[in-house]
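Written below as structure tokens is the structure these notes are about.
In this note's numbering, the protein residues as written are -13 to 448.
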């Protein structure tokens, strides 16, 4: 969307809410009562926005014009912004326009991203969950941003491509740089070809006057780029060009460069952190605090570069983990294998939480997601019927946790009325967990409920 803060020409005075009657008296009031109420209302002092103290008006502007007031929420934790309703307050009269515009500019700080790659905007908004404020041709005309972010590849033919521009909130720069970090961990060597230029701007101070920007705002705009490392050094010895008017504070620039020089956390560190958070989540689940357990499990996923938003799960950094580990307690093991085992543990535990909350749909969704992935890895899918002994991968290091996923997903299916699928999953769970009493009870209960064990719907494998 376009954000136009210009005062419309020809507007004078201020508008008031209409006090005209609809022409129909309220059916719940007699005519005499209505007249009496109108007389008593007219006797009250008239109050409008400009009659309030300036401090109160400022608080009203902050409520109306802050990003939260214009934010819209969508499935899977996507968000967008619609500023049009909030900005109508600027059209009231010139005094309100000038007062409210200042508050809007303080609360809504924008950054413009320029890159030659046409797919960049889609990647940022979909993969990174970064809401786009202004895009396409309107972004080229937008001039209210405080930071210009230019990303290109100096040794690539894309330098000759048409520049793509889109605008985001400064509050979302950290999401953008996190997405960039994940891309670099997934594709080793990517950043070595990229150049980054950060240009500070003060679009509101007239030309000829000194451009200014508070140090705190410079830190907010620049320091998220600490997650972007190992950039192309052909054009700059530091890999990142930092410039602008106002000039960046040297202390902020030095802080950013120092952080950029620090390496990413090692795979061993990520796995240790994920394990710690998983155990903390288990402790909260044991105490009955399901929401705290879910938050900690989600943090554990993120610690090993797997991001969950609603029903979307994005796995980043496969190449980063795909090596032998050299630190305890994982020395001599493969990073990808250890991450896979932790993933299975977290899915099993997450299903346990949703079962406790009686969230049957979510239990089934996350359980079947892992089961389907396992079947796909075996060269089958959900439509094929394998004998339980063939489907259960008992040699898998996390076989017990996989069995719990089958069991908990079966319970959810039963609660949702899909007894056939529940029975099928329970038979596999029984192979994984032959001595588990809960599985035995559920198998017996399901069979009894359906009138006894049904014959296997498959033929023995020769």
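Positions of the beta carbon are idealized from the N, C-alpha and C atoms, including for glycine.
Using 8 Å for Cβ pairs, my map puts residue 412 next to residue 432. What's the rounded Cβ distance? 6 Å
Taking Cβ to Cβ, would you say residue 337 is nearer than 9 Å to residue 398? yes
Could you check how far apart the C-beta atoms of residue 166 and residue 214 are, in whole angstroms? I think they sit under 8 Å. 5 Å
Compute the beta-carbon to beta-carbon distance between residue 137 and residue 182, rounded to the nearest angstrom, for a pair I have assumed lies under 8 Å. 6 Å
Inter-residue CB distance, residue 257 and residue 290 (contact presumed, cutoff 8 Å): 6 Å
Can you tell me which of 361, 418, 350, 244 puts its alpha carbon nearest to the alpha carbon of residue 383? 418
Helix or strand or just coil, what does DSSP make of residue 131? strand
Going straight from the alpha carbon of residue 88 to that of residue 152, what length do you get? 23 Å
Tell me whether the segment 288 to 308 and the segment 361 to 368 touch, counting them as touching only if at least three CB pairs, one residue from each stretch, are closer than 8 Å. no
Status (buried if at least 16 other CB within 10 Å, exposed otherwise) for residue 371: exposed
So, for residue 328: in the same chain, excluding its five sequence neighbours on each side, which residues have a beta-carbon less than 6 Å away from its beta-carbon? 260
Between the Cα of residue 350 and those of 283, 130, 268, 405, spot the shortest distance and give me the residue it belongs to. 405
Could you name the residues of the same chain whose beta carbon sits closer than 6 Å to that of residue 201, not counting the 5 residues immediately before and after it, in chain order? 235
At 4 residues or longer, and completely inside the segment 177 to 232: list those alpha helix (DSSP H) runs for me, N to C. 201 to 208
Distance CB(residue 93)-CB(residue 48) smaller than 9 Å: yes
Residue span of the beta strand (DSSP E) that contains residue 393, given as start and end: Element bounds for residue 393: not the beta strand (DSSP E) but the alpha helix (DSSP H), 385 to 401.
Skipping 5 residues on each side, what residues in its chain have a beta carbon closer than 7 Å to that of residue 190? 91
Cα-Cα separation, residue 281 to residue 322: 24 Å
Using the Cβ count rule (16 or more neighbours within 10 Å means buried), how would you classify residue 59? exposed
Just verifying my parser: in three-state terms, what is the DSSP assignment at residue 309? coil
Keeping to the same chain, check which residues put their C-beta closer than 6 Å to that of residue 430; ignore five residues upstream and five downstream. none
Assuming residue 331 and residue 273 form a contact by the criterion Cβ under 8 Å, report the distance between their Cβ atoms to the nearest whole angstrom. Contact doesn't hold; Cβ gap of about 19 Å is too wide.
Neighbour-count burial assignment, residue 61, 16 or more Cβ in a 10 Å radius: exposed
If you compare alpha carbons, which of 76, 102, 71, 416 is closest to residue 373? 416
Cutoff 8 Å; reference residue 171; Cβ partners in own chain excluding five residues on either side: 250, 291, 302, 303, 305, 306
Which residue from 180, 193, 64 puts its Cα closest to that of residue 231? 193
Whole runs of the beta strand (DSSP E) within the segment 225 to 275, excluding any shorter than 3 residues: 226 to 231
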